[in-house]
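One structure is given below, encoded as structure tokens.
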Amino acid sequence: MKRIEDYIASLSRHVSLERKEKKELEDEIRSHLTDSVWALRQEGYSDEESMTIALKRFGEEEIINAELRKMYFRMDSRGGY
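Structure (structure tokens):
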């Protein structure tokens, strides 16, 4: 699942969080993606097709990165993380 790990690394690289919070975010994304891949495999898709579809459904890296930055910027400006 190197593609998923590369995708997660790309997303988390652009988010300024404490190590613990970043790991929690990565774990949540990983869980969502692996669940999606598993479900797609159950539907009969190959491993590669499942990964491609799951990543596409999750969203383009640039869009997800922008949303994560906005979300965590708002949390930080409110005294969060």
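In this text, residue positions in the sequence shown follow the numbering used here: the first is 2, and each later residue adds one. Glycine included, C-beta positions come from ideal geometry on N, C-alpha and C. This structure is a prediction, so every number in the text was calculated from the model and none was measured.
In this structure the segment 43–54 does not touch the segment 14–27; the number of beta carbon pairs closer than 8 Å is below three. Exclusion of the five residues before and after ARG70 leaves HIS15 and VAL16 as the residues of its chain whose Cβ lies within less than 7 Å of its Cβ. Around the beta carbon of SER32, fewer than 16 other beta carbons lie within 10 angstroms, which makes this residue exposed. Proximity to ILE54 across VAL38, MET2 and ALA67 peaks at VAL38, based on C-alpha coordinates.
Non-local beta-carbon contacts of ILE30 in its own chain, meaning distances under 6 Å to residues more than five positions away in sequence, involve ILE9 in chain order.
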